[in-house]
Structures are given as structure tokens and as C-alpha cells.
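So the protein sequences, as listed, match chains A and B.
Each step along the first sequence adds one to the number in my numbering, with nothing skipped, and position 88 is 88.
Each step along the second sequence adds one to the number in my numbering, with nothing skipped, and position 2 is 2.
Take a look at the structure below.
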Amino acid sequence: DIQMTQSPSTLSASVGDRVSITCRASQSVNSWLAWYQQKPGKAPRLLIYDASTLEDGVPSRFSGRRSGTEFTLTISSLQPDDFATYYCQHYNNYPGTFGQGTKVDIK
Amino acid sequence: EVQLLESGGGLVQPGGSLRLSCAASGFAFRSFAMSWVRQAPGKGLEWVSTVGISGGKTYYADSVKGRFTISRDNSKNTVYLQVIRLRAEDTALYYCVKDRTPGYCPDGLCYEPQPLLFDSWGQGALVIVSS
């Protein structure tokens with residue numbers, strides 16, 4: 001199975017900061033990589049798919065990039081609504097493994 | 001608006017069984033593969049199982065293979081997860097999730113072109129396995 005390794009596990013930042021989260025696949029997943037946002041007590045929400053395509057309704061401050069087997073989610077200017085946990089997930093084949101998550105909290 | 005409403009969770013003893021249901025509305029249910037993803041308390045997300053659009057194809061995580069059975073009833077817009085021989089490590093919130101990309105059946109065979117990409121999630125059904 002393909003393993004997805006996210007870093008960091010926790011990220012402390014302030015409103016307005018530019019933040020980046022990295023997800024590394026243990027082997028090629030092509031660009032079949034999604035990012036989800038989850039807030040406490042809520043279901044995850046799809047933010048980005050195909051490594052860099054923004055889902056409808058997602059603010060443009062979110063962006064995704066692929067470099068080989070390394071993927072990056074960037075929030076250009078962190079907003080109060082963005083404090084949450086973020087997960088990457090590949091959907092290259094079964095099982096569609098998730099990363100372990102990155103919690104973005106308030107510094 | 002897409003709605004996925006899970007039911008059937010609860011407290012069950014180790015070795016027990018139950019059936020989770022997910023009633024879907026707001027989209028062409030029969031055109032989308034459906035899956036279950038679980039989240040243990042305080043932990044990350046784990047894909048559990050997927051059923052194709054016709055119900056003929058099913059996929060399972062190794063951790064549940066042989067114990068969980070996914071199915072769907074396209075006439076009722078409902079997907080099910082039958083779980084048996086439950087273990088403490090199955091304790092989790094079980095989310096019903098919908099594929100983003102529709103499948104198609106051009107010649108009697110059905111295809112899901114981009115499985116495992118989930119654009120809609122239910123609120124989850126909590127399963128607690130404990131004596």
C-alpha cells in the first residue's frame with residue numbers, strides 16, 4: 001500500500017500568515033491527491049483535488065502544488081476560519097490512504 | 001443539496017455485529033460509487049470500503065476484509081455496511097461518503113473513472129465496541 005506522510009503534525013500560526021503543509025507519497029500517485037479540511041465535531045470538507053484544482057466554493061487563498069511525490073497545501077493568508085486539521089489523501093488506487101493530519105492552531 | 005444521513009451506530013460488545021445505513025438525497029445516487037470512511041476518537045481518517053455504482057464491485061481495507069460487507073439499494077438511495085465480529089479497534093465514527101465523479105455503464109459493464117475522491121460526507125455514525 002502507498003503510504004502518505006504529512007508534515008508537520010501541528011502548525012502554530014497567526015491570522016495573516018502564509019502557511020504550508022507537506023504530504024509525501026511513498027511511491028508515485030501521479031496527481032491523484034486531494035486535501036481535506038476538518039473542523040472539530042464536523043465532517044471533512046474537500047478543498048483541493050488532482051493536486052492543484054480548487055473545489056467549488058473554496059477560497060482562492062488555498063492552493064496545491066505537486067513536485068514528484070511531494071505535495072504541498074498552501075494558505076496564502078490564514079483566516080480565523082482556517083484553524084482546523086488538514087488531511088491529504090491519494091486516490092491513485094485502493095486503498096486511498098490518508099495522511100495522518102496536520103492541525104493548524106492559533107499561535 | 002447533497003445529504004447523507006447515517007444511522008445504525010451504537011454500543012456493541014466485542015464479537016457483536018450491527019448494520020450501518022446511509023440514506024442519500026440531492027443527487028443521482030445510482031451514478032456514484034459510495035464509500036465508508038472511519039475515524040477513531042482523536043485519530044485520523046481511514047478508508048474502510050467502497051461499492052461501485054451497480055453494487056457489483058466492492059472493495060475493502062485489509063483491516064475489515066472478511067468482517068464487513070458493503071452493499072447498496074439504488075431503489076432506496078441507500079448504502080449499507082454490515083459489520084460482524086467487531087473488535088475494540090473498530091470503535092470509530094463511520095462516515096458515509098460520495099464519490100465526486102460519476103460512473104457510467106455503457107455496455108452493461110459499469111465503470112467508476114475516479115474512485116476514492118470524496119466530495120460529500122455525512123455527519124457520521126458512532127460505533128463503540130466495548131464490554
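Ideal placement from N, C-alpha and C gives every residue a C-beta, glycine not left out.
None of the values given here were measured: they were computed from a predicted structure.
Determine the direct distance from the alpha carbon of residue 107/A to that of residue 28/B, and round the result to whole angstroms. Position 28 of the second sequence, counting from 1, holds the residue named residue 28/B. Position 107 of the first sequence, counting from 1, holds the residue named residue 107/A. Distance between the alpha carbons of residue 28/B and residue 107/A: 44 Å.
Closest Cβ-Cβ distance between residue 102/B and chain A: below 8 Å? What you label residue 102/B is simply residue 102 of the second sequence in a count that begins at 1. Not a single CB atom of chain A sits nearer than 8 Å to the CB of residue 102/B.
Leaving out the 5 sequence neighbours to the left and right, which residues in its chain are closer than 7 Å to residue 33/B when beta-carbon positions are compared? Taking the first residue of the second sequence as position 1, residue 33/B is located at position 33. Apart from the 5 residues on each side of it in sequence, residue 33/B sits with its Cβ closer than 7 Å to the Cβ of 50, 51, 52, 53, 99, 103, 112, 115 in its chain, given in chain order.
Taking 6 Å as the limit between beta carbons, can you name the residues of its chain near residue 17/A, skipping five residues before and five after? Indexing the first sequence from 1 puts residue 17/A at position 17. Hits under 6 Å: 78.
In angstroms, rounded to a whole number, what distance separates the CA positions of residue 96/B and residue 3/A? Here the question's residue 96/B lines up with position 96 in the second sequence. Here the question's residue 3/A lines up with position 3 in the first sequence. Their backbone Cα atoms lie some 23 Å apart in a straight line.
Contacts of residue 100/A in chain B (Cβ-Cβ under 8 Å): Start at 1 with the first residue of the first sequence, and residue 100/A comes out as number 100. Near residue 100/A (Cβ distances below 8 Å), the residues of chain B are 44.
Min CB distance residue 86/A to chain B below 8 Å: What you label residue 86/A is simply residue 86 of the first sequence in a count that begins at 1. No, no contact with chain B.
Terminal residues of the beta strand (DSSP E) in which residue 96/A lies: Within the first sequence, numbered from 1, the residue matching residue 96/A stands at position 96. No beta strand (DSSP E) contains residue 96/A, which DSSP labels as neither H nor E.
Chain-ordered neighbours of residue 46/A on chain B, where CB pairs are closer than 9 Å: Counting from one through the first sequence, the residue named residue 46/A turns up at place 46. The contacting residues are 100, 117, 118, 119, 120, 121.
Is the shortest distance between the beta-carbon of residue 68/A and the beta-carbons of chain B less than 8 Å? Along the first sequence, one-based indexing puts residue 68/A at 68. No, residue 68/A lies away from the interface with chain B (no Cβ there is under 8 Å from its Cβ).
At the level of alpha carbons, what is the spacing between residue 37/A and residue 60/A? As a working note, residue 37/A is residue 37 in the first sequence. As a working note, residue 60/A is residue 60 in the first sequence. In a straight line, the C-alpha of residue 37/A is about 15 Å away from that of residue 60/A.
So residue 25/B is in the beta strand (DSSP E); what residue range does that whole segment cover? Start at 1 with the first residue of the second sequence, and residue 25/B comes out as number 25. Run containing residue 25/B: 18-25, per the beta strand (DSSP E) assignment.
Run through chain A and tell me which residues come within less than 7 Å of residue 13/B, C-beta to C-beta. In the second sequence, counting from the first residue as 1, residue 13/B sits at position 13. The premise fails here: residue 13/B is roughly 27 Å from chain A at the closest Cβ pair, so nothing lies under 7 Å.
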